[in-house]
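Encoded as C-alpha cells, the structure appears first; notes follow it.
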Amino acid sequence: MASDGKHTDSMLPFESIQCPYCGEPIDLFIDDSVDHQDYVEDCQVCCRPINVSVTADEDGEMRVVARAENDA
Ligand SMILES: [Zn+2]
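In terms of this note's numbering, the sequence shown opens at residue 9 and continues consecutively.
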C-alpha cells in the first residue's frame, strides 16, 4: 500500500457537516459502499431536517453536502 500522505479514512466513515440552520457541526456516518445517496438527517442540535447528499468523486473521496430542506 502506498503511503503518500493522503489520509485513508475508509475505515472510519464519518464526515463532519455543518447544520444549514444552526451552524453546529454534525458527525455523520457515511455508508461508502454506495456511490450516491440522498437522505434526510435530523440535526442533533436544533432537530430540523437536513437534506444530506453524499457522492463519491473519481478519487473515491466522499463528498457530503448539507442543505436546508426547503432549499431546492
Ligand atoms: Zn441544527
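Cβ coordinates follow ideal geometry from the N, Cα and C atoms, glycine included. These figures come from a predicted structure and were not determined experimentally.
Less than 6 Å between the CB of residue i and some heavy atom of ligand 1, yes or no?
i     : result
Tyr29 : yes
Val53 : yes
Glu32 : yes
Per DSSP, which one or two residues make a beta bridge with residue i?
i     : result
Glu49 : Ile58
Asp35 : Ser24
Val72 : Val62
Contact defined as beta carbons within less than 8 Å: I believe residue i pairs with residue j. What is the distance between those atoms, to the nearest angstrom?
i     : j     : result
Glu77 : Asn59 : 5 Å
Met70 : Ile38 : 5 Å
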